[in-house]
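Line order of the protein sequences matches chains F and H.
In this text, residue positions in the first sequence follow the numbering used here: the first is 91, and each later residue adds one.
In this text, residue positions in the second sequence follow the numbering used here: the first is 91, and each later residue adds one.
All C-beta atoms in this analysis are idealised placements derived from N, C-alpha and C, irrespective of residue type, glycine included.
Values in this document were obtained by computation on a predicted structure and should not be read as measured data.
Notes to accompany the following structure.
Protein chains: 2
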Amino acid sequence: MRTIKVGLLGLGTVGSGVLRILTNNQAKITQTAGCQLEPAKALVRNPAKHAAAAEQIQLVTDFGEIANDQSIALVVEAMGGIHPAKEYITALLQAKKSVETANKDLIASCGPELVRLARDNGVALRYEASVAGGIPILNTLAQSFAGDEITQVAGIVNGTTNYILTQMAQQHSSFAAALKQAQQLGFAEADPTNDVTGKDAAFKMVILTKFAFGTDVKIADFNYQGIEDVQAFDVEQAADLGYVIKLVGISRKQNGEIFVEVAPTLVPQTSQLAQVNNEYNAVAIESMAVGRSFFYGPGAGSLPTANSIVSDLIAEASAAHPTSFNKLDCQLPLAGPAEVVDPYYLSLLAGTKTTELALAQLVTEQKLETTNLQAIGDAAGHHLILTTKPMSRLAVDKFIKAAQAVKISVDAAYKILE
Amino acid sequence: MRTIKVGLLGLGTVGSGVLRILTNNQAKITQTAGCQLEPAKALVRNPAKHAAAAEQIQLVTDFGEIANDQSIALVVEAMGGIHPAKEYITALLQAKKSVETANKDLIASCGPELVRLARDNGVALRYEASVAGGIPILNTLAQSFAGDEITQVAGIVNGTTNYILTQMAQQHSSFAAALKQAQQLGFAEADPTNDVTGKDAAFKMVILTKFAFGTDVKIADFNYQGIEDVQAFDVEQAADLGYVIKLVGISRKQNGEIFVEVAPTLVPQTSQLAQVNNEYNAVAIESMAVGRSFFYGPGAGSLPTANSIVSDLIAEASAAHPTSFNKLDCQLPLAGPAEVVDPYYLSLLAGTKTTELALAQLVTEQKLETTNLQAIGDAAGHHLILTTKPMSRLAVDKFIKAAQAVKISVDAAYKILE
């Protein structure tokens, strides 16, 4: 039986998970890959910290020991971050080694360039684990939807924010309290900026957009919004209306254009996205042939992420030749902010000095088409909670400006995804 | 660009869907397959009935015109049934053509034999569409879980029975009324025997068991039970206890043995399986690395099923050599009826002549460990609804016999899947 030697860059959460699966599930992997996958060398900074792993893999501190080792054919990049991951992957592809990675920041930022480099060198670059950790969504899009026309991908693709929003909805916590709890339980990092600002989810939507529609976008090309400003008040109002607030990434094809957005979004309590709680992720697909389908699983974690990487290793090892992870390429224009309409949830607040009447007048004067209207008075002033008929983000922004002109603040303006 | 000619056996619901996708989505398919897939010839009984299709594909009435056509490399079998599908597929594989099929009856009955024949002839046999129509569950198990150790697969894999049970739960219909409605709406066939008896779901569990665990089982090897005897009364009692009754197929690995069963099962209302309504299907997987994951989509229908077949065609067309659909082979023994324990829901009925006391006595004497007990009296007599601690099917059957001995009937004994 053929043996393929595997190199690992990093033995942290993900890298150690890959080593554990390759070691523990060797018999099944050998059968499904059609060859033995042998963990050969792992690049680590401090070998003393990884004494236990040293029984299963040779620890090296010099990248060259992997890059220049002709016997290593596949390398897992499990360091994260852009640098030096990008330089290392570049060197590995140029050395004709196929690379498997979970690095969404890198793939979202430099994916097309690295994919081209892999192709030019006759090797492969796979990154199933980069989106929704343990859910095999990229393989599913690339293979099972290879003949279908996708119209929308909607995903809860960040576990940290989903954990926080779940706690806010179920325990009536504030954002700050839920974030603190998530950090204590290890579901949020000490610096949660990339998660709570929606940037991490935006990276993942870049990759999903490429796999669903073939179009390369950058996070600078579309609007992404985090959950820092989501108020316990709006979580409760949404619940009263039959909705749950989730951080949803949308990639939609409409009239030959692509619309991408990440934003707090109201989903019906009875929808499957609403049932995705805590650190779990899910992706809902709408397509012409299949219709509605839905894929759910853990969004992160050592072994789920490692399993996706191992499935990439097996796919590569069992292919007769290095194969392209995604063959779809179709550069569609991005839809403008006036072209896409959705219903919205708006939370208006007039200070104590402004009357309820002013709120009603504003809605009438701006010809806002509402489907539900509810006035609530409390110490903060007069609230008006309303849901609208489908309108564009441009129209929403115009309304927010008109409200500010009469001293009414729009505290929340969230899309409703039915 | 290379062109691969495709033959079709049958132009019914599924066959016409395949032709439609190959025609309508040609541009994307050409890109993802890396070659053109050209619908070449379709075998039909009555060409006059398919005049519209004749513009897209050559209609033939003689199987030999496809089997002996050297230019046709891939053939879709979309006739269904065991004969002559088996003889046709055998002839095609021997003629070195790869075959794609949705035929679960055939694969569940003769899969190992046909897979061997394909391998011996250096061609492939793929059947993604044979389980859960539009959900790419077989590819997912074969590829994305190729390095993981699965412990349980639980699926709602029959759309007809799920439609009927959904109507019973939501509209409080009887089984007979819901079946009639399903037939009128086209969700059940005129002869629904294979669906309502659980046989169709059992066929699918045979295939899922092979993909999850590598073990070949036959439907004669395990217990399958349908929904004909599910009473509106029990659907309501289950709802009161927080459960929904679904026809669930289970394949579980436990102490190195495999347990397979299809039976009406109580799932918690808050579970994802409970949210699978009407004709939809879903498969929930539990595995060592990923943990819990869940896959949902349409279980049947022309285009969803056809999409799975087209994904098989694309996989085969884009592979350098014919590839094995499933490489896992691991023949584990089947667990006996005493070895697998689950909590149960039991509905006991003592006729009007028997007292409530007799019910309580029976439970005590048989040392049944209950977690919930509720007595209901009505015209039919004294009911006792109870849920038990985990017990084996053997122990349940023993209890049913003891009950009968004192003239108490056990009207329902359904597993609870938490």
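Item, Value
"Arg216 of chain H, DSSP secondary structure in three states", "strand"
"Amino acids of chain H, ordered along the chain, whose beta-carbon sits closer than 9 Å to that of Ser188 of chain F", "Those within 9 Å of Ser188 of chain F in chain H number zero; the least Cβ separation is about 15 Å."
"Classification of Met169 of chain H by the beta-carbon crowding that lies within 10 angstroms, buried from 16 upward", "buried"
"Runs of alpha helix (DSSP H) wholly within the stretch 342-408 of chain F (minimum 4 residues, chain order)", "392-408"
"Cα-Cα separation, Ala130 of chain H to Ser392 of chain H", "20 Å"
"Distance between beta carbons of Leu458 of chain F and Thr478 of chain F, contact taken as under 8 Å", "6 Å"
"Ile245 of chain H (DSSP reduced to helix, strand or coil)", "According to the sequence provided, residue 245 of chain H is Gly. The question's Ile does not apply to it. Strand."
"Cβ-based contacts, 9 Å cut-off: residues of the stretch 118-131 of chain F near chain H", "Lys118, Ile119, Gln121, Thr122, Ala123, Gly124 and Leu127"
"As assigned by DSSP and simplified to three states, the class of Gly467 of chain H", "strand"
"Rounded distance between the beta-carbons of Ala374 of chain H and Ala244 of chain H, thought under 8 Å", "5 Å"
"Outcome for Met258 of chain H when other beta-carbon atoms lying within 10 angstroms are tallied against a minimum of 16", "buried"
"Same chain, Cβ closer than 7 Å to Val296 of chain F, neighbours up to 5 away in sequence not counted", "Ala198, Val307, Lys308 and Ile309"
"Cβ of Pro423 of chain H within 9 Å of any chain F Cβ", "no"
"Interface residues of chain H facing Ala396 of chain F [CB-CB closer than 7 Å]", "Ala379"
"Option nearest Val108 of chain F by Cα separation, candidates F:Gly467, F:Leu476, F:Lys336 and F:Leu164", "F:Leu164"
"Candidates F:Lys187, F:Ala291 and F:Gly100: closest to Lys194 of chain F by CA position", "F:Ala291"
"8 Å Cβ cut-off: residues of chain F touching Ile404 of chain H", "Gln233, Ala236 and Gly237"
"C-beta contact flag for Ala236 of chain F and Ala405 of chain H at 9 Å", "yes"
"DSSP state of Lys497 of chain F mapped onto helix, strand, coil", "coil"
"Cutoff 9 Å: Cys200 of chain F Cβ touching any chain H Cβ", "no"
"Under 9 Å by beta carbon: chain F residues contacting Ser401 of chain H", "Gln233, Ser234, Phe235, Ala236, Gly237 and Asp238"
"DSSP beta-bridge partners of Ala503 of chain H", "H:Leu436"
"Chain H contact for Glu218 of chain F (CB, 9 Å cutoff)", "yes"
"CA nearest to the CA of Glu455 of chain H, picked from H:Phe153, H:Val134 and H:Ala493", "H:Ala493"
"Cβ shell of Leu101 of chain H (< 6 Å), same chain only, five flanking positions each side left out", "Ala132, Val134, His140 and Ala143"
"According to DSSP, residues forming a beta bridge with Gln148 of chain H", "H:Lys131"
"Nearest-angstrom Cβ-Cβ length linking Lys294 of chain H and Val221 of chain H, presumed shorter than 8 Å", "5 Å"
"Beta-carbon gap between Thr460 of chain H and Ala214 of chain H smaller than 9 Å", "no"
"Nearest neighbour of Lys300 of chain F, chosen from F:Ala232, F:Ala502 and F:Leu436 [CA to CA]", "F:Ala232"
"Burial state of Thr151 of chain F (16 or more Cβ within 10 Å)", "exposed"
"Beta-carbon spacing of Glu239 of chain F, Asn248 of chain H below 9 Å", "no"
"First and last residue of the uninterrupted beta strand (DSSP E) at Thr191 of chain H", "Ser188 to Thr191"
"Near-chain H residues of the stretch 383-395 of chain F (beta-carbon distance less than 7 Å), N- to C-terminal order", "Ser383, Phe384, Phe385, Tyr386, Gly387, Pro388, Leu393 and Pro394"
"Backbone CA spacing between Gly224 of chain F and Pro137 of chain F [nearest angstrom]", "28 Å"
"Cβ neighbours of Ala208 of chain H in the same chain (closer than 7 Å, five flanking residues each side left out)", "Leu183, Ala214 and Leu215"
"Contact under 9 Å by Cβ, Tyr253 of chain F with Leu228 of chain F", "no"
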